[in-house]
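Which chain is which? The protein sequence lines are A and B, in order. Following numbering that gives the first Met the number 0 from start to finish, the first sequence increments by one per residue and tops out at 107. Following numbering that gives the first Met the number 0 from start to finish, the second sequence increments by one per residue and tops out at 107. See structure below.
Number of protein chains: 2
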Amino acid sequence: MKDPEALATLSALANPARLATIRVLVSAGPGGLAAGAIARDIGASPSQASFHLAALSEAGLVTSTRHAREIRYRIAYQRIGALIDYLMNDCCAGDPALRACCGIDLRG
Amino acid sequence: MKDPEALATLSALANPARLATIRVLVSAGPGGLAAGAIARDIGASPSQASFHLAALSEAGLVTSTRHAREIRYRIAYQRIGALIDYLMNDCCAGDPALRACCGIDLRG
DNA sequence: CTTTCATTTCAAGTTCACTTGAAATATCAA
DNA sequence: TTGATATTTCAAGTGAACTTGAAATGAAAG
């Protein structure tokens, strides 16, 4: 992940409604959740939810598939992992404290 | 780190000038860099640099100390580590793929 | 074909982040 | 004190993101 993608991903996450959407989709599991259910869960109008889901989708943070009348959204862990990787190993690489403070170790 | 702090941190990082500032401060090392040098390195006016440094400082991503006429800024790895921790273990916890895709393993 | 449900799209309005340039503050030197 | 350097602060302007509500699209059911 390069700077422009990282910037797009960070911008997509830097919004209350969208962060709430991510949380809802995480707890929904691999089956995902329909747009309407997401709207209900985050307390947004259908129009608002659609707007934010489009932003998340554009950033690659969610995927969607239509099932009959519903459109079901799922979280894309890969993209979040890429952002974490970017922060830890690219943008802010070089400091041991960065790894020490979040309960993780280098693998290799 | 809770949602409001995570949101503030994400918002602070979601800006080209500020992300560039982070990169510059990372490569500057523990000695940090004066505001003027940062402005020069990221191609911003003193006023712009000050604006963005204030935002980063407000978010806890940098610290500053005055040395004579200069104000020297340093990166706060702790805060970035806390954001990574938030993304990996709180907000998006529960998916093995999240850890698998960025070269890291759980410690405990 | 019409209706109903789920979602998106569109246009208009509002808010907020950011830019710009001038003025203010702080520190040091002469 | 005067002047020079480093940085911040302020006020005004701009643009992009977000909200709102109505209209359009797509899919299923009667």
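No residue lacks a Cβ here, since even glycine has one placed at the ideal position from N, Cα and C.
Any C-beta of chain A sitting closer than 7 Å to the C-beta of L97 of chain B?
-> Along the second sequence, read from residue 1 onward, the residue named residue 97 of chain B stands at position 98. Answer yes: the Cβ-Cβ gap between L97 of chain B and chain A drops below 7 Å somewhere.
Are any of the Cβ atoms in chain B nearer than 7 Å to that of L60 of chain A?
-> In the first sequence, counting from the first residue as 1, residue 60 of chain A sits at position 61. So no, L60 of chain A is outside the interface.
Note down the Cα distance separating R73 of chain A from L86 of chain A, rounded to an integer number of angstroms.
-> Position 74 of the first sequence, counted from the first residue, corresponds to residue 73 of chain A. Position 87 of the first sequence, counted from the first residue, corresponds to residue 86 of chain A. Between R73 of chain A and L86 of chain A, the C-alpha separation is close to 23 Å.
Sort out for me which residues DSSP pairs A33 of chain A with in a bridge.
-> The count along the first sequence starts at 1 and reaches residue 33 of chain A at position 34. A33 of chain A pairs with A:R71.
Three-state secondary structure (DSSP) at S63 of chain B?
-> Taking the first residue of the second sequence as 1, we reach residue 63 of chain B at position 64. Correct three-state label for S63 of chain B: strand.
Please report how far the alpha carbon of R17 of chain B lies from the alpha carbon of A43 of chain B, in whole angstroms.
-> Residue mapping note: residue 17 of chain B aligns to position 18 of the second sequence, counting from 1. Residue mapping note: residue 43 of chain B aligns to position 44 of the second sequence, counting from 1. One C-alpha to the other measures close to 11 Å.
Could you list the residues in the region 53-83 of chain B with a C-beta less than 9 Å from some C-beta on chain A, going in chain order?
-> I74, Y76, Q77, I79, G80, A81, L82 and I83
Supposed close pair A75 of chain A, V61 of chain A - CB separation, criterion 8 Å = As a first step, residue 75 of chain A is located in the first sequence; it is residue number 76 there, counting from the start. As a first step, residue 61 of chain A is located in the first sequence; it is residue number 62 there, counting from the start. With 8 Å as the limit, A75 of chain A and V61 of chain A qualify as a contact, their Cβ atoms being about 6 Å apart.
Do G8 of chain A and L82 of chain A have their C-beta atoms closer together than 7 Å?
-> If you number the first sequence from 1, residue 8 of chain A lands on position 9. If you number the first sequence from 1, residue 82 of chain A lands on position 83. Here the sequence assigns Thr to residue 8 of chain A, which means Gly is not the residue at that position. Yes, they are a contact pair.
Which value, in whole angstroms, describes the spacing of the CA atoms of S56 of chain B and S46 of chain A?
-> By one-based count along the second sequence, residue 56 of chain B stands at place 57. By one-based count along the first sequence, residue 46 of chain A stands at place 47. Looking at the two C-alpha atoms, the distance is approximately 35 Å.
Unbroken alpha helix (DSSP H) run spanning A58 of chain B, endpoints = If you number the second sequence from 1, residue 58 of chain B lands on position 59. First-last for A58 of chain B: undefined, no H or E at that position.
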